[in-house]
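*Asks:*
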Amino acid sequence: LIPFKSVPPAFFAKNNKSSLDNSNFVQDAIKSLLSKGCISEVSDIPKCCNPLTVAERDSKLRLVLDLRHVNQFVDNQKFKYEDLKTFAELFDQDDFFITFDLTSGYHHVDIHP
2 LIPFKSVPPA
12 FFAKNNKSSL
22 DNSNFVQDAI
32 KSLLSKGCIS
42 EVSDIPKCCN
52 PLTVAERDSK
62 LRLVLDLRHV
72 NQFVDNQKFK
82 YEDLKTFAEL
92 FDQDDFFITF
102 DLTSGYHHVD
112 IHP
């Protein structure tokens, strides 16, 4: 879970023009995220409903959730590893390190406060 300093107050903003102009894409993207379990429909009004934006890169549309409002309530945990020695100090003997190259891997972050 993302560490919050405090729970964000209720906030609502209208979707951006790009999402309105691409409403069919937005609906399809939301249906896809729901079917994959990346998002869920809620019965309570969320603390923060941020605008959706559609970005186009290499002729491919992408759904973007604008969470700038939430950022000020997140406890920033600084983490630096500027060289291999510093990075290596994070691990103990017999630890494992693994990486995955997943499509849409960024959907794994829980943000419920």
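2 is the number of the first residue of the sequence shown in this note's numbering; add one for each residue after it.
From the three backbone atoms N, C-alpha and C, an ideal C-beta is built for every residue, glycine too.
(1) By Cβ distance, which residues of its chain are closer than 7 Å to K15, with the 5 residues on each side in sequence left out?
(2) Which residues in the same chain have their Cβ closer than 8 Å to the Cβ of E57, if we skip the five residues on either side of it in sequence?
(3) For L68, which residues does DSSP report across the bridge?
(4) Put V27 into one of helix, strand or coil per three-state DSSP.
(5) Kindly identify the DSSP beta-bridge partner or partners of T87.
(6) Could you tell me which residues DSSP puts in a beta bridge with K61?
(7) Do you know how far the Cα of S41 is from the Cα of L34?
(8) Quick check: what's the CA-CA separation for P10 versus D95?
(9) Counting only the same chain and skipping the five closest in sequence on each side, list residues whose C-beta sits under 7 Å from that of N23.
*Replies:* Walking through what the data contain:
(1) P52
(2) R63
(3) Looking at the DSSP assignment, L68 forms no beta bridge with any residue, so it has no partner.
(4) helix
(5) Per DSSP, none; premise fails for T87.
(6) By DSSP's assignment, K61 forms a beta bridge with R58.
(7) 8 Å
(8) 44 Å
(9) The answer, listed in chain order, is V55, L62.
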